[in-house]
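Engineer:
Numbering (my numbering), first residue to last: 39 to 124.
1. Mapping the DSSP letters down to three states, classify residue 102 as helix, strand or coil.
2. Beta-carbon within less than 8 Å of residue 69's beta-carbon, same chain only, minus the 5 sequence neighbours each way: which residues are those?
3. Less than 8 Å between the beta carbons of residue 72 and residue 116, yes or no?
4. Is the beta carbon of residue 85 sitting closer than 8 Å to the one on residue 42?
5. Is the Cβ-Cβ distance between residue 91 and residue 124 less than 8 Å?
6. In this structure, does DSSP put residue 114 in helix, strand or coil?
7. Please list the terminal residues of the continuous beta strand (DSSP E) segment that includes residue 60.
8. For the segment 66–98, which segments carrying the beta strand (DSSP E) assignment without a break, of at least 3 residues, lie completely within its bounds, in sequence order?
Dropping the structure here:
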């Protein structure tokens with residue numbers, strides 16, 4: 039089995055949000071999209087943003103097209119939504 043490969047990674051800096059949306063390929067039919075908190079104090083870690091718990095949850099996809107759709111949805115949530123308590 040090969041090491042995970044970054045498929046797409048985008049920073050989102052807006053207001054007090056310093057996030058990264060990352061999608062990696064783990065295996066031929068396994069992609070994961072995650073939202074990370076890049077702020078020094080991790081102020082949004084563990085908070086809900088879209089369908090994601092920042093720094094804690096991921097969304098799995100079976101192929102690259104579905105993974106890119108997850109990535110796009112996560113970017114929209116990161117840009118437009120306010121993190122909220124779980």
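Where a beta carbon is used, it is the ideal one built from N, C-alpha and C, also for glycine. For clarity, every value in this text was computed on a predicted model and none was experimentally measured.
Structural biologist: Per the coordinate set shown:
1. On the chain shown, position 64 is the one that residue 102 refers to. DSSP places residue 102 in helix when its eight states are reduced to three.
2. Position 31 of the chain shown, counted from the first residue, corresponds to residue 69. Excluding positions up to five away in sequence, the list reads 45, 61, 62, 63, 98, 99, 100, 101, 102, 104, 105 and 108.
3. In the chain shown, the residue the question calls residue 72 occupies position 34. In the chain shown, the residue the question calls residue 116 occupies position 78. No, Cβ-Cβ distance for residue 72 and residue 116 is not below 8 Å.
4. The sequence position of residue 85 within the chain shown is 47, counting from 1. The sequence position of residue 42 within the chain shown is 4, counting from 1. Not in contact: residue 85 and residue 42 (Cβ atoms no closer than 8 Å).
5. Along the chain shown, read from residue 1 onward, the residue named residue 91 stands at position 53. Along the chain shown, read from residue 1 onward, the residue named residue 124 stands at position 86. The answer is yes: Cβ separation under 8 Å.
6. Looking up residue 114 in the chain shown gives position 76. Note: residue 114 maps to helix in three-state DSSP.
7. The residue labelled residue 60 in the question sits at position 22 within the chain shown. Per DSSP, residue 60 belongs to the beta strand (DSSP E) from 55–65.
8. 68–75
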